[in-house]
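This report concerns only the one structure given below.
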Amino acid sequence: MKTYQELLKKLIIFRQERSWEQFHKPKDLSMAAAIEAAELMQEFLWKTDEEVTAEVSRNKQRFADEIADTVVYLMLLANDLGIDMYEAIDSKMKKNGERYPVDKCRGKSTKYTNL
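FYI, the numbering for the sequence shown is 14 to 128, going by the numbering used here.
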């Protein structure tokens, strides 16, 4: 299994070999990530939970590709902005832990501002 840094290096080399840095500005990377996420959402649109489960079983690679497309753009965006994803996620989880204490939110979907 590759590490995050190994995957990121592979993405950067792939981009450099094609001279795509000129197109991969933060605005464009964020938009590309949102578009790819929307393509993933489209796979679920108007389907019941049972239909989604069946569709994923039949076409798991299609879902994996859409998820990968989204994550690739986010990895490149984070790198270009100088954001360490491990630190960003760790920091965000600490904030979420404070916003959503287990004793107040367990089993609830309520936003932290309404707990």
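All C-beta atoms, glycine included, are put in the ideal place defined by N, C-alpha and C. Bear in mind the structure is a predicted one, so any value in this text is a computation, not a measurement.
>> Rounding to the nearest angstrom, what Cα-Cα distance links G95 and K40 in this structure?
In response: Your numbering for residue 95 matches position 82 in the sequence shown. Your numbering for residue 40 matches position 27 in the sequence shown. Cα to Cα, the separation comes out at about 15 Å.
> Looking at the unbroken alpha helix (DSSP H) that takes in F76, where does it start and where does it end?
Replying inline: Locating residue 76 in the sequence shown gives position 63, counting from the first residue. K73 to D93 is the extent of the alpha helix (DSSP H) around F76.
> Whole-angstrom Cβ separation of L89 and L20, contact assumed at under 8 Å?
Replying inline: Here residue 89 refers to the residue found at position 76 when the sequence shown is read from its first residue. Here residue 20 refers to the residue found at position 7 when the sequence shown is read from its first residue. Not quite, the Cβ-Cβ distance comes to about 11 Å (not below 8 Å), so this is no contact.
>> Which residue marks the beginning of the alpha helix (DSSP H) containing R112, and which one marks its end?
In response: Position 99 of the sequence shown, counting from 1, holds the residue named residue 112. R112 -> alpha helix (DSSP H) spans M98 to R112.
>> Please report the straight-line C-alpha distance between E56 and E68, rounded to a whole angstrom.
In response: If you number the sequence shown from 1, residue 56 lands on position 43. If you number the sequence shown from 1, residue 68 lands on position 55. Our two residues, E56 and E68, have alpha carbons roughly 9 Å apart in a direct line.
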